[in-house]
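Below is one structure; the comments refer to it alone.
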Amino acid sequence: MHRAVDFPNKNCHMNYCGCKRPRTDSFTVRCAPVPLTKVQVKGILLQRCHTNNGDLRLSRQDVQKAFDYLGSHFPNWRACRAFHHADANGDGYISEGEMDDLVEYVWQCGYTIN
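Next up, the structure:
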C-alpha cells in the first residue's frame, strides 16, 4: 500500500509510487495512486479500536496508530487535529456519534492506495 503525504501541495512528487511494470514497446506502465473511500477510512479507524467493553470509542492513541498505519509523517499532530475537528463533547474520545466527523477529516487529508 502506498500512501499520500500529509502536505500533498508541497511534496506532490512523494505521492507518486514510482513502481515500474514491465516495459512494453516504447513506454513504461506505472501505478497511479487511488484515493481511499470514506468506507475504507472508517474500516481502518475501526480496526484500530481495541476496547474491552465494546463501546467503540477511539482514544487519541488509537487515532494516532491509524494515522501511522496510513503513512502520515506526523501521526501525533494529525491525531491532535482530528480530535480538534471531531471530538464535539471534549471528553477525549471519539464516540460512534462523532465517527462521521473523524472519517470526513481523515478522508479530506487525501490518503491513497495503489
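Heads up: the sequence shown at position 89 corresponds to 89 in full-length UniProt numbering, and the numbers run straight through without jumps. Backbone N, C-alpha and C define an ideal beta-carbon position, used for all residues, glycine too. This one's a predicted model, so the numbers in the text were calculated from it and none came from an experiment.
Item                                                                      : Value
For P75, three-class secondary structure by DSSP                          : helix
Where H13 falls: helix, strand or coil (DSSP)                             : Low local confidence applies: a pLDDT of 34 at H13 is under 50, so the model's placement there is unreliable, with the coordinate-based value given in what follows. Three-state result, H13: helix.
Integer-rounded CB distance, given that F67 should sit under 8 Å from A79 : 6 Å
Beta-carbon proximity of Q61 to N76, cut-off 7 Å                          : no
Distance cut-off 6 Å: L70 Cβ against heavy atoms of the ligand NAP        : With respect to the ligand NAP, the structure offers nothing, as it holds no ligand at all.
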